[in-house]
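S.K.: The numbering of the sequence shown is the numbering used here, which starts it at -12 and goes up by one.
Positions of the beta carbon are idealized from the N, C-alpha and C atoms, including for glycine.
Remember, it's a predicted structure, so these values are computed and weren't measured experimentally.
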Amino acid sequence: MPYLNEVGDVIELHLGAQGAELDESNPENRFRLEWLDEVERLLAEVSADPKRPLVLTATGKFFSNGLDTDHIFAAPDQLPAYLDRVHALYATILTLPVPTVAAVNGHAFGAGAMLALCADHLVMRTERGFWSLPEAALNMPFTRGMSTLLRTRLTDRTATEAMYTSRRYGAADAVAAGIVDEAVEADRLTARAAEIATARAATVGPNLALIKRGLRGPLLADLAVPTPAGVLS
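1) For residue 113, collect the residues of the same chain with a Cβ closer than 6 Å to its Cβ; drop the 5 residues on either side in sequence, then sort them by chain order.
2) Return the residue from the list -6, 117, 130 and 88 that minimises the CA-CA distance to residue 216.
3) Assess contact between the segment 188 to 195 and the segment 141 to 159, defined as three or more Cβ pairs (one per stretch) separated by less than 8 Å. Is contact present?
4) Residues in the same chain with beta-carbon distance under 8 Å from residue 138, minus the five sequence neighbours each way, listed in chain order, please.
5) Run the proximity test for residue -8: is its beta-carbon closer than 7 Å to any non-hydrogen atom belonging to the ligand MG?
6) Assuming contact is defined by CB atoms lying nearer than 8 Å, are residue 70 and residue 101 in contact in what I supplied?
7) For residue 116, which residues from the same chain have a beta carbon less than 6 Å from its beta carbon, with the 5 sequence-adjacent residues on both sides left out?
8) Contact between the segment 193 to 207 and the segment 54 to 72: three or more CB pairs below 8 Å?
9) Could you tell me if residue 151 is buried or exposed, where buried requires 16 or more neighbouring beta carbons within 10 angstroms of its beta carbon?
10) With DSSP collapsed to three states, give me the class of residue 185.
11) Rounding to the nearest angstrom, what Cα-Cα distance links residue 60 and residue 66 in this structure?
12) Using C-beta distances below 7 Å, list every residue in its chain close to residue 37, excluding the 5 sequence neighbours before and after it, in chain order.
13) For residue 164, which residues in the same chain have their Cβ closer than 7 Å to its Cβ, ignoring the five residues on either side in sequence?
14) Can you give the beta carbon distance from residue 183 to residue 118, rounded, assuming they're within the 8 Å contact cut?
15) Contact defined as beta carbons within less than 8 Å: I believe residue -2 pairs with residue 33. What is the distance between those atoms, to the nearest angstrom?
16) With 16 other CB atoms within 10 Å as the buried threshold, where does residue 213 fall?
17) Can you list, in chain order, the residues of its chain with a C-beta nearer than 8 Å to that of residue 218? Leave out the 5 residues immediately preceding and following it.
18) If you scan the segment 72 to 116 from start to end, which runs of the alpha helix (DSSP H) of 4 or more residues do you find wholly inside it?
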């Protein structure tokens, strides 16, 4: 399960299990209900006592493979409420009262790719891993909130290509497309993310959350719109 770790001047939120390269119960860090519960609880801790910047990362092959498709297929009637929870997670990260840096250690697909975009700054490891939106290839639409997130965090040209074609971007291509800010070798990934986060530490506090809410107002409004029934029909 996800956990917080204090490292120097930053706090790291790991999306996988402590002490393990892969979480055996959720090796792809998908958005399972219990996973969402724990991430939300940990982010509430960060918000309640904001002292240090946050680095969002994981270990192993995946940063996050996004939505829990097993849950979606097993309980399709619960899909709107499930997607509302995902939107709420995005809104929480977008408005944290601390600087946030995503250190994308491996594959970031679908909702996991969008999760990374909720951070203030993104670095992605070289050598291995893709950032991708596979929805078009899977014949799935984007929700209103997700579309607005992608439209506001990416250039129109990149959003169009990524959303229409399901292209897989390696680190260098992701930098060139403006998806991530830097490509970093694996052994320097979290250290570089911490360096960037620490440089912004002076802004920690409630005022930063207010600034983020002002900047992201239209996006937050769309993320708050309840998902309609039949979103995948």
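M.R.: Let me lay it out:
1) For this step, residue 113 is matched to residue 126 along the sequence shown. Non-local beta-carbon contacts of residue 113 in its own chain, meaning distances under 6 Å to residues more than five positions away in sequence, involve 158, 170 and 172 in chain order.
2) For the purposes of this step, residue 216 is identified with residue 229 of the sequence shown, where counting begins at 1. Its Cα nearest to that of residue 216, the residue 130 stands out among -6, 117, 130 and 88.
3) No: fewer than three Cβ pairs fall under 8 Å.
4) Position 151 of the sequence shown, counting from 1, holds the residue named residue 138. The beta carbon of residue 138 is closer than 8 Å to those of 146 in its chain, skipping five residues each way along the sequence.
5) With respect to the ligand MG, the structure offers nothing, as it holds no ligand at all.
6) Taking the first residue of the sequence shown as position 1, residue 70 is located at position 83. Taking the first residue of the sequence shown as position 1, residue 101 is located at position 114. Pairing residue 70 with residue 101 gives a Cβ-Cβ distance that is not under 8 Å.
7) Translated into the one-based positions of the sequence shown, residue 116 becomes position 129. Correct list, in chain order: 93 and 94.
8) Flag = no, the segment 193 to 207 and the segment 54 to 72 do not touch.
9) Counting from one through the sequence shown, the residue named residue 151 turns up at place 164. Residue 151 should be labelled exposed.
10) The residue given as residue 185 occupies position 198 in the sequence shown. Helix, per DSSP.
11) As a first step, residue 60 must be located in the sequence shown, where it is residue number 73. As a first step, residue 66 must be located in the sequence shown, where it is residue number 79. Going by C-alpha positions, residue 60 is about 9 Å away from residue 66.
12) On the sequence shown, position 50 is the one that residue 37 refers to. Within the same chain, residue 37 has close Cβ partners 84, 85, 191 and 192.
13) Residue numbering aside, residue 164 sits at position 177 when the sequence shown is read from its first letter. Same-chain partners within the cutoff: 145 and 156.
14) To locate residue 183, count along the sequence shown from 1; it is residue 196. To locate residue 118, count along the sequence shown from 1; it is residue 131. No, residue 183 and residue 118 are not in contact; Cβ-Cβ is about 18 Å, not under 8 Å.
15) Position 11 of the sequence shown, counted from the first residue, corresponds to residue -2. Position 46 of the sequence shown, counted from the first residue, corresponds to residue 33. With 8 Å as the limit, residue -2 and residue 33 qualify as a contact, their Cβ atoms being about 7 Å apart.
16) Locating residue 213 in the sequence shown gives position 226, counting from the first residue. Exposed.
17) Residue numbering aside, residue 218 sits at position 231 when the sequence shown is read from its first letter. Result list for residue 218: 66, 67, 70, 128 and 130, in chain order.
18) Uninterrupted alpha helix (DSSP H) stretches at least 4 residues long and entirely within the segment 72 to 116 occur at 98 to 104, given in chain order.
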